[in-house]
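Before any comments, here is the structure.
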Amino acid sequence: MKRFVFLPLNRLIASLFFMLFFNVSLLQAQSVRLIYFYPTDHAAPNQQKMAECGKIAREAQSFYRQEMLDNGFGEKTFELEGIGDSITFYSVRGSRDTQHYATNRWEQIITEISDAKSEINLILVEGLEVITNTAVAMMARSCSGNKCTTDQHTFYAIVPLKTEEPVVGAAHELGHTFGLQHNRENASLMVGRRSIEGKHPKIASMHLRKNEMRWLDKHKYFNNDSSANDPPVVRKIWETKWEDEDQKGITLRIDIESNYELHQAQLMFDGTVIDSDALMGLSDNVYFHFTKYQFGSQRVDMQFIDTDGNIRYVDNVGIKEPEEVSREYVTLREKSSNHNMVVVGWASMKGGN
Ligand SMILES: [Zn+2]
Numbered sequence: 033m034k035r036f037v038f039l040p041l042n043r044l045i046a047s048l049f050f051m052l053f054f055n056v057s058l059l060q061a062q063s064v065r066l067i068y069f070y071p072t073d074h075a076a077p078n079q080q081k082m083a084e085c086g087k088i089a090r091e092a093q094s095f096y097r098q099e100m101l102d103n104g105f106g107e108k109t110f111e112l113e114g115i116g117d118s119i120t121f122y123s124v125r126g127s128r129d130t131q132h133y134a135t136n137r138w139e140q141i142i143t144e145i146s147d148a149k150s151e152i153n154l155i156l157v158e159g160l161e162v163i164t165n166t167a168v169a170m171m172a173r174s175c176s177g178n179k180c181t182t183d184q185h186t187f188y189a190i191v192p193l194k195t196e197e198p199v200v201g202a203a204h205e206l207g208h209t210f211g212l213q214h215n216r217e218n219a220s221l222m223v224g225r226r227s228i229e230g231k232h233p234k235i236a237s238m239h240l241r242k243n244e245m246r247w248l249d250k251h252k253y254f255n256n257d258s259s260a261n262d263p264p265v266v267r268k269i270w271e272t273k274w275e276d277e278d279q280k281g282i283t284l285r286i287d288i289e290s291n292y293e294l295h296q297a298q299l300m301f302d303g304t305v306i307d308s309d310a311l312m313g314l315s316d317n318v319y320f321h322f323t324k325y326q327f328g329s330q331r332v333d334m335q336f337i338d339t340d341g342n343i344r345y346v347d348n349v350g351i352k353e354p355e356e357v358s359r360e361y362v363t364l365r366e367k368s369s370n371h372n373m374v375v376v377g378w379a380s381m382k383g384g385n
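Those letters in the sequence shown? Residues 33 to 385, per my numbering, in order.
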């Protein structure tokens, strides 16, 4: 059977304190929980393993801190759950052996850590290199209808320990849990498909994009803010199609309202950010323009964040490919989906997505 224990990383002597403060820290947790998951044919973690996991988490944390600092946002990064310099280390023994997870992987692991999960979880998995030729890191989040907000849902960054650069995997997948989506910039941490062959870039060679840092600047986990308020509301999505000799295109106008100062809007095609814009005030609108050729038949998502860090994710907006000449705005219906679990992003460390 599965079991879960948690141990302080640096100071075993502090374990009693962790037991005592466990419930208290849960109430105020705006920190990432580190979870180690191992199949039954692997040993329970020793001090060396805990140190290895802690180092990966710390390096991912440092990457964000340094990027934010270097770009004028101050020394901001997410917190790791723990006390002082110690990271609380949750260890979950899987119910089955490595071979079992070859066919029952991510969702199985998420199910098995359910007793240990927090809001945002970094799960370092032992042993998966045996069953995957391509090492994969993945993030999934649960949603209800078209509402996927960081206030109410559980986020998982899952990284096999034996990938070539687990720090890159951890930082990238954690990026997803903070609301960052893919981009197409090769040197970026959040690139969807990295075109560097035969080489695994180190975390030191990567960077965050400006719109990503601006997003994180207001994120609850980067401000240690546990307040949960209503996320921005999309009042209306307007669509205008146009066509001339040079260009076919579409312009979306999105009207947004919020109880708190609005901050940023992002437009995604197939999970890749193709445009972002600043927002201001309690109600604002944003225009996104793209051509027919950019659009194709891709899935369109949007997300909005206010200065209080509340995120509204609009899933699978139904946009028709522009065909006719039209100068009139038409109202689009927001399609809601009935899935409970959306795989939002995944990353292969060997040249895939
Ligand atoms: Zn990804």
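Just so it is clear, CB atoms sit at the ideal spot from N, CA and C, and this is done for glycine as well.
In the structure shown, what three-state DSSP assignment does residue i receive?
| i | result |
| --- | --- |
| Y292 | coil |
| E91 | helix |
| L206 | helix |
| Q298 | strand |
| M312 | coil |
| F105 | coil |
| E271 | strand |
| T283 | strand |
| K81 | helix |
| V332 | strand |
| L212 | coil |
| H132 | helix |
| F110 | coil |
| L248 | helix |
| I306 | strand |
| T186 | coil |
| A169 | strand |
| P198 | helix |
| L240 | coil |
| R65 | strand |
| R125 | strand |
| R344 | strand |
| T143 | helix |
Would you decide whether residue i is buried or exposed? Buried here means 16 or more other CB atoms lie within 10 Å of its CB.
| i | result |
| --- | --- |
| G106 | exposed |
| T109 | buried |
| I152 | buried |
| M300 | buried |
| L154 | buried |
| Y133 | buried |
| R216 | exposed |
| R226 | buried |
| L28 | The structure shown does not extend to residue 28, since the chain is modelled only from 33 through 385, so no value can be given for it. |
| R196 | Per the sequence shown, the amino acid found at residue 196 is Glu instead of Arg. So E196 ends up on the exposed side. |
| Q80 | exposed |
| A236 | exposed |
| M456 | There is simply no residue 456 to check, as the chain begins at 33 and stops at 385 in what is shown. |
| I319 | With the sequence shown as reference, residue 319 is identified as Tyr, and Ile is not the correct amino acid for it. With fewer than 16 other Cβ atoms within 10 Å, it is exposed. |
| V349 | buried |
| D249 | buried |
When every heavy atom of ligand 1 is checked, does at least one fall within less than 7 Å of the C-beta of residue i?
| i | result |
| --- | --- |
| H239 | no |
| H251 | no |
| H204 | yes |
| H208 | yes |
| H185 | no |
| H214 | yes |
Counting contacts by CB-CB distance shorter than 8 Å, is residue i in contact with chain B?
| i | result |
| --- | --- |
| T120 | Reference to chain B is not applicable here, since this structure consists of a single protein chain. |
query: Pairing CB atoms from the stretch 126–146 with CB atoms from the stretch 241–259, are three or more of them under 8 Å?
result: Because the criterion of three Cβ pairs below 8 Å is not met, the stretch 126–146 and the stretch 241–259 do not touch.
query: Are the stretch 114–124 and the stretch 144–151 touching, with three or more C-beta to C-beta distances below 8 Å?
result: They touch, by the three-pair rule.
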